[in-house]
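Here is the structure we will look at, set down as structure tokens.
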Amino acid sequence: MITKFQVAYKNLLRKKIRSLLTLVGIALSAWVLVSLLGFNRGFEAALNRDIDNMGFQMMLMAKGCPYEAATMMLQGGTGLKYLPEAIGDSVGEDPDVEGITPMLMQAVFDPDKGESGGISAYLGVEPRSYAAMKTFLKFRQGGWFERNDVHEAVMGYEAAELEQREVGDLILIPEKNVEFTVVGILERTGTQDDGTIFLPLRTVQRLFGKDGEITTIGIKVKKDADPSRLEDKLYELPDVQVVSLAQVKQTIMSLVSTAKVLVLSIAIIAIVIAMVGVVNTILMSVHERFQEIGILKTIGAMPGDIFQLVWMETLLLCAAGGVLGVALSLVLSRLTEWVIRGVLPYAPKGGLVLIDMNLILFTLGAISAIGLLSGLYPAWKAGRIRPLEAIRSEVGG
Amino acid sequence: MSGNGVALETIGLSKHYRRGSEEIAAVREVSLTLHQGEFVSFTGPSGSGKTTLVHLLGCLDNPTSGELLLRGRPIFSGNGRQLSERRLTEIRRETFGYIFQNFYLIPTLTVLENVVLPLTFHRKPGAGRDAAELLKLLGIDHRRNHLPGMLSGGEMQRVAIARALINAPEILLADEPTGNLDTKRSAEIVRILKDLSREAGVTVIMVSHNLELAGQADRQFEMRDGGIRKPGI
């Protein structure tokens, strides 16, 4: 006994190159689909992780473009304007605020960085309030500086790796010609903290002539507080602006979504082309087997049997193409991520393409459904072939 | 001829085609009776209507008029009512087996798979035959796992016969079964058909150009211009 599935499968092997090319077309469209949907989920998860790892949900800074400032913060940069440090006292007393941490970002030109020099940035922080807000930071070596006004530094994992520094080593601040002793090196966090060099806030203020000034206040909102109410209250302070990271996330995601619509359109076009390819392949196969299908009907196959056979061929092609496409997307996800990072102006740390079992099953289901749809017409056409027409196409008498 | 009951009977069976404004009578008023286990042949020049008649006898087509009865049961009853393709298939798979000049084996399936293929679509209750036994009977058991492309013409026609017999048909229709074979292989195939009618009681209807081979049938019908010129005796 031979099953219809075996007949369908063996028939696809009849024209191996044609079947393979069709299968590759389906695989490529499945790859695009998985990578695109996986990117959307991965990007959102990575962005959430970046924002959660900041330890605070709002930032207070001097007036300017909030999104530019927020993006700079996410990338380890800073706002260009300064706030009076005293403003933090009133913010910290607000009943909706759990805690605050003042920060001062400063940058200098380092002639030894890269081939032709580059900018080195330093973040002045209060060790106590900053550590309390970023409880997830763990030390590979050493710990935070004891006081707020010493010449000591804490380096992020990547910064220490790049500079080849251990606890006890010295680092020099270019332009200022001042040396700091490394007292702690953080473990890898997968966030922008990995590339940051932390210095005591007071020391940075004094060194750069910014006494009593800061660039940003990180604000941790109480769990039961209403963030928008707090935002309104903060806007009553003079010349400040509030950046809620939820808003930043929404803005970045909406920008990404715009790009996603474009890429999704391309994916849909790829899928439609693959579908046309499938219809063409199966129609050609039906045409070539016109007599054979007629004979199958002569030996007992009903129109429904022929329909099933041809439909099964389409489904097999699409399912195999879908599996190949998913495998490709898994194997090449790092490459996809690398390409995306090269294109996007801002990309969070960590994996950008998140492919899980749900996505795999969804894609296989979608590609199979497309296959079933593509197979309808050829299968219907094959089912209508009359045995007599098939026989007459060669024999006379 | 075994002389059993009536397997198939036609009364005034006709088939007309239209080609533009012209009406062509491919089969005209054919009346004949074939018995169970009988081996009959139809001969005649090209265009004589023998193939069209065999298609009507094998329920591959609807007649324009006339009656056809299978074991006394009316299939086409002369009222001009056309049977659907589905109904024709149902009748065919219960009653007929077919072999053709071009064998029509599925090239991607092995000999054994080709033989059992009809069972994938329909297994006649209690009538399915053992494929291995059939292949042995037809002398091609050693080829069971080979693809059709590896067989000779004679072997391919034997496979086609085995496929036609797998569902134990009452009537076997052979349309030019030796058309693509040499003399020796043709004689072998006709001997097999003859044995089937004599020993297995299958009614065999063969169309052939070859008068010598057709002459080996129990009865030979000669056709001309859509009618039977020389009825089999």
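From first to last, the protein sequence lines stand for chains A and B.
If you're matching positions, the first sequence starts at 1 in my numbering and goes up one per residue.
If you're matching positions, the second sequence starts at 1 in my numbering and goes up one per residue.
Heads up, the beta-carbon is just placed ideally off N, CA and C, and yes, glycines get one too.
Whole-number beta carbon distance between A/Val248 and A/Pro200, since they are thought to touch under 8 Å: Not a contact, Cβ separation roughly 28 Å.
Inter-stretch contact (C-beta, 8 Å, three-pair minimum) for the segment 246–265 of chain A and the segment 297–304 of chain A: no
Check whether B/Leu181 and B/Val54 have beta carbons under 7 Å apart: no
Burial state of A/Met103, where buried means 16 or more other Cβ atoms lie within 10 Å: buried
Alpha helix (DSSP H) segment containing B/His55, residue limits: Lys50 to Leu57
Outcome for B/Met150 when other beta-carbon atoms lying within 10 angstroms are tallied against a minimum of 16: exposed
Continuous alpha helix (DSSP H) assignments of at least 4 residues falling wholly in the segment 2–62 of chain A: 4–12 and 16–52
The segment 322–337 of chain A / the segment 350–358 of chain A touching (three or more Cβ pairs under 8 Å): yes
B/Gly234 burial status per 10 Å Cβ neighbour count (16 or more: buried): This structure cannot speak to residue 234 of chain B, because chain B is shown only from 1 to 233.
Alpha-carbon spacing of A/Phe139 relative to A/Gly25, whole angstroms: 50 Å
Delimiting residues of the alpha helix (DSSP H) encompassing A/Ala132: Pro127 to Met133
Where the segment 281–315 of chain A meets chain B: residues whose CB sits under 8 Å from a CB there: Gln291, Glu292, Ile295, Leu296, Lys297, Thr298, Ile299, Gly300, Ala301, Met302, Pro303 and Asp305
7 Å Cβ cutoff, B/Pro177 in contact with chain A: no
Helix, strand or coil at B/His146 according to DSSP, with G and I counted as helix: coil
Residue of A/Val278, A/Arg128 and A/Ile391 minimising C-alpha distance to A/Glu292: A/Ile391
B/Ile205 and B/Val40 closer than 7 Å at C-beta: yes
Under 8 Å (Cβ pairs) to chain B, residues found in the segment 7–29 of chain A: Val7, Lys10, Asn11, Leu13 and Arg14
Validate contact between the segment 373–386 of chain A and the segment 306–324 of chain A using beta carbons, cut 8 Å, 3 pairs: yes
Cβ distance (whole Å) where A/Glu175 is taken to contact A/Val256 below 8 Å: The pair is not a contact, with the Cβ atoms about 37 Å apart (cut-off 8 Å).
Below-7 Å beta-carbon distance, A/Leu364 vs any chain B residue: no
Beta-carbon spacing of B/Pro169, B/Phe100 below 7 Å: no
Contacts around A/Gly195, its chain only, beta-carbon distance under 7 Å, and the 5 residues preceding and following it disregarded: Gly76, Gly156, Glu158 and Ala159
Backbone secondary structure at A/Pro348 - three-state DSSP: coil
Host alpha helix (DSSP H) of B/Arg93 (start-end): Glu85 to Thr95
Secondary structure of A/Val395, DSSP reduced to three states: Interpretation of A/Val395 is limited by its pLDDT of 43, a score under 50 that renders its predicted location unreliable; the figure taken from the coordinates is listed afterwards. In this structure, A/Val395 counts as coil in the three-state DSSP scheme.
Three-state class that DSSP yields for A/Asp305 in the structure shown: helix
C-alpha distance - A/Glu92 paired with A/Pro227, whole-angstrom precision: A quick correction: the sequence has Gly, not Glu, at residue 92 of chain A. Taking the straight line joining both Cα atoms gives about 15 Å.
Same chain, Cβ closer than 6 Å to B/Gly227, five either side skipped, listed in chain order: Arg28
Chain E within 7 Å of B/Asp130, Cβ atoms only: Given the protein chain composition of this structure (A and B), no chain E is represented.
Unbroken beta strand (DSSP E) run spanning A/Glu166, endpoints: Premise fails: A/Glu166 is in no beta strand (DSSP E) and is neither H nor E.
Residue span of the beta strand (DSSP E) that contains A/Val182, given as start and end: Val178 to Leu186
Inter-residue spacing [alpha-carbon to alpha-carbon] between A/Glu152 and A/Arg202: 11 Å
Cβ shell of A/Ala30 (< 7 Å), same chain only, five flanking positions each side left out: Gly321, Gly322, Gly325, Val326, Thr363 and Ile367
DSSP bridge partner residues for B/Pro74 (one or two, in chain order): B/Leu69
Top-ranked residue by Cα proximity to A/Trp338, from A/Phe43, A/Leu83 and A/Val167: A/Phe43
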